[in-house]
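There are 2 protein chains.
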Amino acid sequence: MNVIRNILNSRSGKNGNFFDAIQNIIGFKPKSITNYKRAFVHRSLNKKDSLGNDLNYERLEFLGDAMLSAIIAAYLFNEVPEGDEGYLTKMRSKVVSRKHLNELGNDLNLIQFIETNIPKDHFGQNIHGNLFEALIGAIYLDRGYKFCEKFIYERVIHPYVDIEQLEGKVISYKSLLIEWCQKQKHKFNYEVYEDTGKNEVKHFAVKLWIDGKVIAKARATSKKKAEEKASKRAYYAFQNKINTKQ
Amino acid sequence: MNVIRNILNSRSGKNGNFFDAIQNIIGFKPKSITNYKRAFVHRSLNKKDSLGNDLNYERLEFLGDAMLSAIIAAYLFNEVPEGDEGYLTKMRSKVVSRKHLNELGNDLNLIQFIETNIPKDHFGQNIHGNLFEALIGAIYLDRGYKFCEKFIYERVIHPYVDIEQLEGKVISYKSLLIEWCQKQKHKFNYEVYEDTGKNEVKHFAVKLWIDGKVIAKARATSKKKAEEKASKRAYYAFQNKINTKQ
Numbered sequence: 110m111n112v113i114r115n116i117l118n119s120r121s122g123k124n125g126n127f128f129d130a131i132q133n134i135i136g137f138k139p140k141s142i143t144n145y146k147r148a149f150v151h152r153s154l155n156k157k158d159s160l161g162n163d164l165n166y167e168r169l170e171f172l173g174d175a176m177l178s179a180i181i182a183a184y185l186f187n188e189v190p191e192g193d194e195g196y197l198t199k200m201r202s203k204v205v206s207r208k209h210l211n212e213l214g215n216d217l218n219l220i221q222f223i224e225t226n227i228p229k230d231h232f233g234q235n236i237h238g239n240l241f242e243a244l245i246g247a248i249y250l251d252r253g254y255k256f257c258e259k260f261i262y263e264r265v266i267h268p269y270v271d272i273e274q275l276e277g278k279v280i281s282y283k284s285l286l287i288e289w290c291q292k293q294k295h296k297f298n299y300e301v302y303e304d305t306g307k308n309e310v311k312h313f314a315v316k317l318w319i320d321g322k323v324i325a326k327a328r329a330t331s332k333k334k335a336e337e338k339a340s341k342r343a344y345y346a347f348q349n350k351i352n353t354k355q
Numbered sequence: 110m111n112v113i114r115n116i117l118n119s120r121s122g123k124n125g126n127f128f129d130a131i132q133n134i135i136g137f138k139p140k141s142i143t144n145y146k147r148a149f150v151h152r153s154l155n156k157k158d159s160l161g162n163d164l165n166y167e168r169l170e171f172l173g174d175a176m177l178s179a180i181i182a183a184y185l186f187n188e189v190p191e192g193d194e195g196y197l198t199k200m201r202s203k204v205v206s207r208k209h210l211n212e213l214g215n216d217l218n219l220i221q222f223i224e225t226n227i228p229k230d231h232f233g234q235n236i237h238g239n240l241f242e243a244l245i246g247a248i249y250l251d252r253g254y255k256f257c258e259k260f261i262y263e264r265v266i267h268p269y270v271d272i273e274q275l276e277g278k279v280i281s282y283k284s285l286l287i288e289w290c291q292k293q294k295h296k297f298n299y300e301v302y303e304d305t306g307k308n309e310v311k312h313f314a315v316k317l318w319i320d321g322k323v324i325a326k327a328r329a330t331s332k333k334k335a336e337e338k339a340s341k342r343a344y345y346a347f348q349n350k351i352n353t354k355q
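One line per chain: the protein sequences are A and B, in this order. Numbering of the first sequence is given in this note's numbering, commencing with residue 110 and proceeding in unit increments. Numbering of the second sequence is given in this note's numbering, commencing with residue 110 and proceeding in unit increments.
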């Protein structure tokens, strides 16, 4: 009975919700939940392990930052064969910029899990990026480099990293598309609605109508991002027709 | 016949020697030798691939640097549970310091493989560290993170990284040991001889005699390192007897 109770306990109540929520965010089952819990413990609680070592997310942040840098380096290396060492360094620093990491952590609403003595609204923006890095550290300890890479590809690279935008060649696909529609006298409309579905984090969906047809659909964690994603899809669909300024 | 000739060609002549030498250095068989070759091409040759992209070691250096940083971060995280984020950052920067990387590349004599238009003696010290990082980048591309980790553990961490020395608690085990011998009136002698064996790189061995007995043996790429290693072994063997100043 104890065994069954332990199994039930490990997946139910506060722990169970946390386990499920983390699984939802990272996209695979944690082997052990311990390090994920630690990834949300703020130093204000002054928690210690049995040996007296500090038990909060700051060391995980160090580890996660290192893994993120390595994985983004490998991604850029493969993705941009014509970029030299200086270019790769510059592009990586854009992807892992403080502003970008804060945005990622904020979109995943990681702050909902924080354990702290300080009121949540007293934290600045950096808390989002710090928790995001700590989460990567926890994934590395739990499942190793490959799963870290999977998480970063799915949560950072695919939804957010656009080489052309990072290079500043394309500032906004939405404005490119609108400009083209206006020039060519096409009617366009962005139909946006909430579509969170089973996700932990609020999501929005958008249908991009051009001349009465749905040309592209997209889903993201903000209206602006969903519109941008749909515009990018439409842009590539129309690519040969649109006169870009590149 | 062509197939057989190709197989023979791929392992013999200049290529074959290079293949064997790399295998010796990295400690496992390369799957493909291509990226290892690139890891030694200097920009002075102005080599390009078929798409006109630069073909030299500089991009691999960027990749190797990122992998090295991540692997050392994970090592320190596990090895020093009591170290906070600031400590881990400081210790990592000591391990991956330019001086240390140059020493590592130099000990492996990586410059022997360089392809360049510039006379080898025109290069400064940094060439050794750059080639070392490029080699790590090549290992990552050829065999992935796990093999990179294996190489770094065997070639960087085990032979060179000593947490106590990095922390400055112990400057030199040799001087600790000599001091102890002199205080305790023990006779000591470091017997050093060349012992390269099957290694690509020149090695030295040392026997540390105390009062007519061999107390510790060690082998390394320089006399100084071999003596230090043997002293460290003897130090730990005598640990309870030696009055350290820590």
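For every residue, glycine included, the Cβ atom is placed at its ideal position computed from N, Cα and C. It should be emphasised that the depicted structure is a prediction, and the values quoted were computed from it without experimental measurement.
In its chain, beyond the 5 residues on either side, Tyr166, Leu169, Ala243, Leu244 and Ala247 have a beta carbon closer than 6 Å to the beta carbon of Ala148/B. Look at the segment 243-302 of chain B and you find these whole runs of alpha helix (DSSP H), each 4 residues long or longer: 254-261, 272-275 and 282-292.
Identification of chain A residues near Leu197/B by a Cβ-Cβ cut-off of 7 Å yields Arg168 and Phe171, ordered along the chain. In the displayed model, Ile131/A falls within a helix according to three-state DSSP. Looking from the CA of Leu240/A, the closest CA among Gly277/A, Glu309/A, Ile220/A and Ile319/A belongs to Ile220/A.
Close to chain B, meaning a Cβ-Cβ distance shorter than 7 Å, are the following residues of the segment 175-188 of chain A: Ala175, Met176, Ser178, Ala179, Ala182, Ala183 and Phe186.
Taking Gln234/B as the centre and dropping the five residues before and after it, the same chain places the C-beta of Asn211 closer than 6 Å to its C-beta, in chain order. Pro190/A is classed as exposed because its beta carbon has fewer than 16 other beta carbons within 10 Å across all chains shown. DSSP, reduced to helix, strand and coil, places Leu210/B within a helical segment of the structure shown.
Contact note: Asn162/A reaches chain B through Pro190 and Glu191, using a C-beta cutoff of 8 Å and chain order. As the crow flies, the alpha-carbon of Tyr299/B is around 24 Å from that of Leu275/B. Not one beta carbon of chain B lies nearer than 7 Å to the beta carbon of Glu273/A.
When 7 Å is used as the limit between beta carbons, Tyr254/B is near these residues of chain A: Tyr254, in chain order.
When only Cα atoms are considered, Ser153/B and Gln293/A end up about 51 Å apart. If you ignore the 5 residues before and after Arg264/A, its C-beta comes within less than 6 Å of no other C-beta in its own chain. Exclusion of the five residues before and after Ile266/B leaves Tyr184 as the residues of its chain whose Cβ lies within less than 7 Å of its Cβ.
Per the C-alpha coordinates, the member of Leu317/A, Leu172/A, Ala343/A and Arg207/A positioned closest to Asp193/B is Leu172/A.
In terms of Cβ geometry, Met200/B and Tyr249/B do not form a close pair [threshold 7 Å].
Burial is judged here by how many other beta carbons sit within 10 angstroms of a residue's own beta carbon; Glu336/B has at least 16 and is buried. Within a 10 Å sphere around the beta-carbon of Ile180/B sit 16 or more other beta-carbons, which makes this residue buried. In the pairwise beta carbon analysis, the segment 135-149 of chain B is classified as not touching the segment 318-334 of chain A: fewer than three pairs are separated by under 8 Å. Under a criterion of Cβ atoms nearer than 8 Å, the residues of chain A adjacent to Glu194/B are, in order, Glu167, Arg168, Glu170 and Phe171.
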